[in-house]
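Structure first, commentary second.
In structure tokens:
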């Protein structure tokens, strides 16, 4: 039987990504195609580079979109920097730190894990102690926003340590970019990658990526070629960044159309306003969740505004509520990964998903389900707590 | 100054890819997003797998779309199969064979190049002789349709040799899939990858990919983990193919919407009709080009129907004509790569680009430019030659 036209159910995407996508970005996706060497397309690539430099707060010449998802950007960071035998200090306090460590090992590097419990941040002192007692360290790799726990990692003290110890600083900004400041140049971050489907509110499929001159020099001075041909930044530089525009692989044209439009929306809003919006909606969400007995996993001061990870009390049927949110209300939120499976919810307010209306819609749905389940007796309590953050008069 | 809305110039894409994209596929791209673990999205992945099995002519359970372009599929083939020290025989008769060899070496394998001049095919006898005199060979890797030369490689004799010598058969079907038969099961191909932007007429960004059970067993029996985490098929199988649907990386959702629709169009046309269309339009194009003194590089019988590579005589200004085609007529064709730079044109009639109207439009534009340049004195000669192939009465 032939397949029918695909019509997705209505969804409010409040999980850990993908986030909601603006109609202008969806429209850009359906733009007719150009060849990847067409002068008009090369001009569009220039636009994207310029716009990405704004969100990364960098002047790095090598600022591009990797032709793969955020994990491809993570892999590109590691395989370009690390050669067999190199030591990398990796902050591991969640799934994505663990993944970074695995990638270091898959290219013959030695990953020294500096660990913290899931939900906590990595202490700069521990990184410093590890730097002191290790031999030469090629890089320190840290996750800025741990998507698996909602922890917001301070970067500045670790950046300072990297400069003092003359080691490269690799930062995973998959969840953070476009939602909180990612100050590549001011902090001296050497390698930074992100993903399009989080706070940039573009569909998944590309990984914004930037390299400092110091990182690029390290890549150009490699003893062995990068083990990945597809992600070899020395080759990709010829297409994206060096003006020669030499063919490497066929660029994902439609996705780049979408990214340009998504970045244009970021620029129109302005980074300060965008950060303030994410902060305020994150605060309102947490204020509401707390009233429902759902407490954030990371400590106060280290809770990401765009990804709130809350512990679900044992008496609440975690998976059932999540399934009900999806099937009854059309709202997607995320469950826990790894050791947090069945124990937490991960609620994303990223990019277009970060609005007052979405916060209230979710809190209302949760209140409904909690009342039905008998776990809440005061209707409106979460909504009122959120409304107070927004400065609304509540009775 | 803020960037304007991006409006691409009108283009008829008759290069080596991307090809023209059907309006239904462009529309599918702009469908609102679902989460990558949403039940409705997982069902769409099932649809894609079923449709890909049709075009690959396979029952392989592991038939997926890799989250990257065709080169990512190529790299996935090599890094999953090859371990350090493994020997791979690689057919090298163009850019993409060379790339395969480079990837083998980047994962510590030994690539034995079986070479042929660019434009020629790889002789099975040479593969056989190499198999006989080499030690254990992990795989033979061959490009079915060499996008850099237009050569159409016969697969059957090499497939037979692989079975006799108990070695894996890796086939690059980037340009061929959906335009000529790629008979994965009948020939016993173990690893086959393609790209979406050629004869499937979907935008670039995904790589259709299939593994035989034999190939999957080889991957599961690896001594070392795959050097790529992003392309590790043992991990990806948990998300795509094994029913557990465990999160690996965020799928490129919009691109998968597009691929489903593009594959639906393939299924509606039917493979035999689609192959016949590509064959006929390729014949008509060559008939016309020959009248202009533009002779195919590969020998008769080994010319791809969807990618015609013709030698440009020295008196014709190759790059100038290509630029004029683009700027005056809005038609994109491809130039030569590597040693063929400045010496050939590569004209693609892939998927939606393969129509009688496009063949005639291109031949007409070339006739115009050739007449202006003084290299043609008989207007209509190429058009009439093409029309004869289509069975049109011509005066």
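Protein chains in written order, with our numbering: chain A, 2 to 396; chain B, 2 to 396. Yeah, the Cβ is synthetic: ideal placement off N, Cα and C, and Gly gets one too. Computed from a prediction, not measured in an experiment: that's the story for all the values here.
**Request:** Specify whether the segment 180 to 188 of chain B and the segment 48 to 64 of chain B touch according to this definition: at least 3 beta carbon pairs, one from each stretch, less than 8 Å apart.
**Result:** Flag = yes, the segment 180 to 188 of chain B and the segment 48 to 64 of chain B touch.
**Prompt:** Can you list, in chain order, the stretches of the alpha helix (DSSP H) that have 4 or more residues and sit fully within the segment 233 to 308 of chain B?
**Reply:** Runs of the alpha helix (DSSP H) lying entirely within the segment 233 to 308 of chain B and spanning at least 4 residues, in chain order: 234 to 241, 254 to 270 and 272 to 292.
**Request:** Run down chain B in chain order and give the residues with a C-beta less than 9 Å from the C-beta of residue 254 (chain A).
**Result:** Within chain B, the residues near residue 254 (chain A) are 19, 198, 204, 205 and 206.
**Prompt:** Do we get a CB-CB distance below 7 Å when we pair residue 340 (chain B) with the residues of chain D?
**Reply:** Of the protein chains in the structure, A and B, none is chain D.
**Message:** Run through chain B and tell me which residues come within less than 7 Å of residue 297 (chain A), C-beta to C-beta.
**Reply:** Residues of chain B passing the Cβ test: none, with the nearest at roughly 22 Å.
**Request:** Starting from the C-beta of residue 366 (chain A), find all residues in its chain whose C-beta is less than 8 Å away, skip the five residues before and the five after it, and write them out in chain order.
**Result:** In the same chain as residue 366 (chain A), and ignoring 5 residues on each side of it, the C-beta atoms closer than 8 Å to its own belong to 326, 329, 330 and 332, in chain order.
**Request:** Taking residue 251 (chain A) and residue 18 (chain B) to be in contact with their CB atoms under 8 Å, please state how far apart those CB atoms are, rounded to whole angstroms.
**Result:** The distance from the Cβ of residue 251 (chain A) to that of residue 18 (chain B) is about 6 Å, consistent with a contact at the 8 Å cut-off.
**Item:** Beta-carbon contacts of residue 278 (chain B) that lie in its chain and below 7 Å, excluding the five residues immediately before and after
**Value:** The answer, listed in chain order, is 355.
**Message:** Can you check which of these residues, A:175, A:359, A:310 and A:153, is closest to residue 298 (chain A) by C-alpha distance?
**Reply:** The candidate whose alpha carbon is nearest that of residue 298 (chain A) is A:310.
**Item:** Beta-carbon proximity check, residue 63 (chain A) vs residue 217 (chain A), cutoff 7 Å
**Value:** Yes, they are a contact pair.
**Nearest-angstrom beta carbon gap, residue 110 (chain A) and residue 87 (chain A) [assumed within contact, 8 Å]** = Between residue 110 (chain A) and residue 87 (chain A) the Cβ distance is about 5 Å, and since that is below 8 Å, they are a contact.
**Asked** For residue 267 (chain A), which residues from the same chain have a beta carbon less than 7 Å from its beta carbon, with the 5 sequence-adjacent residues on both sides left out?
**Response** 56, 179, 201 and 275.
**Message:** Please classify residue 78 (chain B) as buried or exposed, where buried requires at least 16 other C-beta atoms within 10 Å of its C-beta.
**Reply:** Buried: at least 16 other Cβ atoms inside 10 Å.
**Request:** For residue 231 (chain B), return the contacting residues in chain A, with the cut-off set at a CB-CB distance below 7 Å.
**Result:** Here the neighbours are 69, 72, 73 and 76.
**Request:** Use the C-beta contact count for residue 154 (chain B): other C-beta atoms within 10 angstroms, 16 or more gives buried, fewer gives exposed.
**Result:** So residue 154 (chain B) counts as buried.
**Request:** Check whether the segment 251 to 261 of chain A touches the segment 25 to 34 of chain A, taking contact to mean three or more Cβ pairs, one atom from each stretch, closer than 8 Å.
**Result:** They touch, by the three-pair rule.
**Under 7 Å between C-beta atoms of residue 83 (chain A) and residue 142 (chain A)** = No, the Cβ-Cβ distance between residue 83 (chain A) and residue 142 (chain A) is not below 7 Å.
**Request:** Quick one: give me the first and last residue of the alpha helix (DSSP H) that residue 132 (chain A) is part of.
**Result:** Note, residue 132 (chain A): alpha helix (DSSP H), 125 to 134.
**Item:** Min CB distance residue 288 (chain A) to chain B below 7 Å
**Value:** No, residue 288 (chain A) does not count as interfacial toward chain B.
**Request:** Measure from the C-beta of residue 97 (chain B) to each C-beta in chain A and report whether the shortest distance is under 7 Å.
**Result:** Against chain A, the CB of residue 97 (chain B) has no partner CB under 7 Å away; the residue lies outside that interface.
**Prompt:** How many angstroms separate the CA atom of residue 336 (chain A) from the CA atom of residue 342 (chain A)?
**Reply:** A direct Cα-to-Cα measurement between residue 336 (chain A) and residue 342 (chain A) gives close to 7 Å.
**Message:** So that I know if they touch, is there some Cβ in chain A lying closer than 7 Å to that of residue 351 (chain B)?
**Reply:** No, residue 351 (chain B) does not count as interfacial toward chain A.
**Message:** Just to confirm, is the Cβ distance from residue 170 (chain A) to residue 191 (chain A) under 7 Å?
**Reply:** The Cβ atoms of residue 170 (chain A) and residue 191 (chain A) lie closer than 7 Å to each other.
**Asked** Touching or not, the segment 116 to 133 of chain B and the segment 158 to 173 of chain B, by the rule of three or more beta carbon pairs under 8 Å?
**Response** The segment 116 to 133 of chain B, when compared against the segment 158 to 173 of chain B, does touch it at the 8 Å Cβ threshold.
**Cβ-Cβ distance between residue 293 (chain A) and residue 383 (chain A) below 7 Å** = Going by C-beta atoms, residue 293 (chain A) is nearer than 7 Å to residue 383 (chain A).
**Message:** What residue range does the alpha helix (DSSP H) around residue 169 (chain A) cover?
**Reply:** Not the alpha helix (DSSP H): residue 169 (chain A) falls in the beta strand (DSSP E), residues 169 to 173.
**Prompt:** So who's on the other strand from residue 114 (chain B), going by DSSP bridges?
**Reply:** Here residue 114 (chain B) is bridged, per DSSP, to B:91.
**Asked** So residue 199 (chain A) packs on residue 72 (chain A), CB below 8 Å; how close in whole Å?
**Response** Their Cβ separation, rounded to whole angstroms, is 13 Å, which puts residue 199 (chain A) and residue 72 (chain A) out of contact at 8 Å.
**Request:** State yes or no: is the C-beta of residue 269 (chain A) nearer than 6 Å to some heavy atom of the ligand GTP?
**Result:** The ligand GTP is not part of this structure, which contains no ligands at all.
**Request:** Would you check if there are 3 or more beta carbon pairs closer than 8 Å linking the segment 257 to 265 of chain A to the segment 46 to 55 of chain A?
**Result:** Contact between the segment 257 to 265 of chain A and the segment 46 to 55 of chain A is present, because at least three Cβ pairs lie under 8 Å.
**Item:** Contacts of residue 104 (chain A) in chain B (Cβ-Cβ under 8 Å)
**Value:** What residue 104 (chain A) touches in chain B: 230.
**Asked** Along the chain, which unbroken stretches of the beta strand (DSSP E) at least 3 residues long are found entirely within the segment 6 to 94 of chain A?
**Response** Every beta strand (DSSP E) stretch that sits fully inside the segment 6 to 94 of chain A and reaches 3 residues is listed by chain position as 63 to 67 and 88 to 93.
**Test: residue 9 (chain B) CB closer than 7 Å to a CB of chain A** = At least one beta carbon of chain A lies nearer than 7 Å to the beta carbon of residue 9 (chain B).
**Asked** Within 7 Å (strictly less), CB to CB, does residue 31 (chain B) reach chain A?
**Response** Closer than 7 Å: yes.
**Asked** Taking a cut of 7 Å between CB atoms, which residues from the segment 171 to 192 of chain B lie near chain A?
**Response** Contacts with chain A (Cβ-Cβ distance below 7 Å) from the segment 171 to 192 of chain B involve no residue at all.
**Item:** Rounded straight-line distance, which links the Cα of residue 119 (chain A) to that of residue 97 (chain A)
**Value:** Cα to Cα, the separation comes out at about 11 Å.
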